[in-house]
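In UniProt numbering, the protein residues as written are 1 to 96.
Dropping the structure here:
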C-alpha cells in the first residue's frame with residue numbers, strides 16, 4: 001500500500017510571521033547556493049593536497065547550520081514536513 005503524503009500545515013497562529021521567516025530562510029539558501037555555484041573544481045593532486053573537498057569546510061559548515069536552522073524552524077512551526085527525517089541532510093524519503 002502506498003504511504004499517504006501528509007499535508008503541510010502551519011501550526012503557529014502567527015502565519016504572517018512564519019511565512020516571513022520562511023522567506024528569510026529561503027533567501028539564505030539561495031545566497032548559499034549562488035556562492036557554491038561559483039566554486040571551481042580543480043583536479044586533485046594527492047602530492048600537494050590533503051583534502052578533495054572543492055567547497056571547503058566553511059561552506060559545508062554553512063550548509064549544516066542552514067539545514068539545522070531550517071529543520072528547527074519547521075519542527076517548531078510546520079506540521080507535515082516529515083519527509084525530511086534527519087538533521088544530517090542525508091535522510092530524505094521519496095514519497096513524491
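Backbone N, C-alpha and C fix where the C-beta goes; we use that ideal spot for every residue, glycine too.
- Counted as a single uninterrupted DSSP element, the alpha helix (DSSP H) harbouring residue 21 occupies residues 15-37.
- At a Cβ-Cβ threshold of 8 Å, residue 11 and residue 77 count as neighbours.
- With contacts defined as CB atoms closer than 8 Å, residue 25 and residue 70 qualify as a contacting pair.
- DSSP lists 9 as the bridge partner or partners of residue 79.
- Its chain contains 25, 28, 29, 32 as the residues whose beta carbon lies nearer than 8 Å to that of residue 66, once the 5 sequence neighbours on both sides are disregarded; these appear in chain order.
- Taken through DSSP and simplified to helix, strand or coil, residue 43 comes out as coil.
- Taking the CA atoms as reference points, residue 45 sits about 16 Å from residue 56.
- Put simply, the backbone Cα of residue 72 is about 37 Å away from that of residue 43.
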